[in-house]
Amino acid sequence: MSARGKARRRALDILFEAEARSENPLSVLAERLERAEPPVNEYTTTIVEGVCRHRIRIDELITTYAEGWTLDRMPAVDRNLLRGGTYELLWMPDVPEGVVISEWVSLASELSTDESPQFVNGLMARFKQLKPSLAL
């Protein structure tokens, strides 16, 4: 797994843990940075901070385009995969869109249900298609 791939997975771990503990992801991130075991990659920090900064808009987009699924009905890991992936896809223009989608779908394949990779891929591909017209 690439350094950025590991950073994405670590960001997902932090986002998921924060939700499970009903805490702010920035607090969980701060704990991990302080503990530094395992070390937190700068890219992980960028993703977690970005998701927090744009969380309302990210959740609006997911809710709007996830046909037949509410955020609450989605598995928690999928919700957080989509948050991290949507942030990276829409607010990090220096990262190739295909790589972003592929990496987050790969995490869905590894960590979630059998249907999750297709769901994550479909929704992120839709965001990629709509990106020029989305008000960010």
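Using the UniProt record's numbering, the final residue of the sequence shown is 136, and nothing's skipped along the way. Just so you know, even glycine gets a beta-carbon here, dropped at the ideal spot from N, CA and C.
- With contacts defined as CB atoms closer than 8 angstroms, F127 and L71 fail to qualify as a contacting pair.
- Rounded to the nearest whole angstrom, the C-alpha separation of Y65 and V40 is 32 angstroms.
- Under the criterion of beta carbons closer than 8 angstroms, V105 and P96 do not qualify as touching, at roughly 14 angstroms.
- Residue burial is scored here from C-beta neighbours: P93 has fewer than 16 other C-beta atoms within 10 angstroms and is therefore classed as exposed.
- Under the three-state reduction of DSSP output, R73 falls in the coil class, being neither helix nor strand.
- Unbroken alpha helix (DSSP H) runs of no fewer than 4 residues, entirely contained in the UniProt domain "NusB/RsmB/TIM44" (6–127), are found at 25–35, 42–65, 76–91, 97–111, following chain order.
- Put simply, of I58, T113, Q129 the residue whose alpha carbon is nearest the alpha carbon of Y87 is I58.
- Non-local C-beta neighbours of G50 in its own chain, meaning closer than 7 angstroms and more than five positions away in sequence, comprise Y87, W91, ordered along the chain.
- For the options R79, R35, H54, A36, the alpha carbon positioned closest to that of T63 is the one of R79.
- Distance from T45 to L29 at the Cβ level is roughly 6 angstroms; contact confirmed, criterion being Cβ atoms closer than 8 angstroms.
- In summary, P38 is exposed, with fewer than 16 beta-carbon neighbours lying within 10 Å of its beta-carbon over all protein chains present.
- Here the alpha carbon of F119 sits roughly 10 angstroms from the alpha carbon of E67.
- In the assembly as shown, G84 is a buried residue. Its beta-carbon has 16 or more other beta-carbons within 10 Å.
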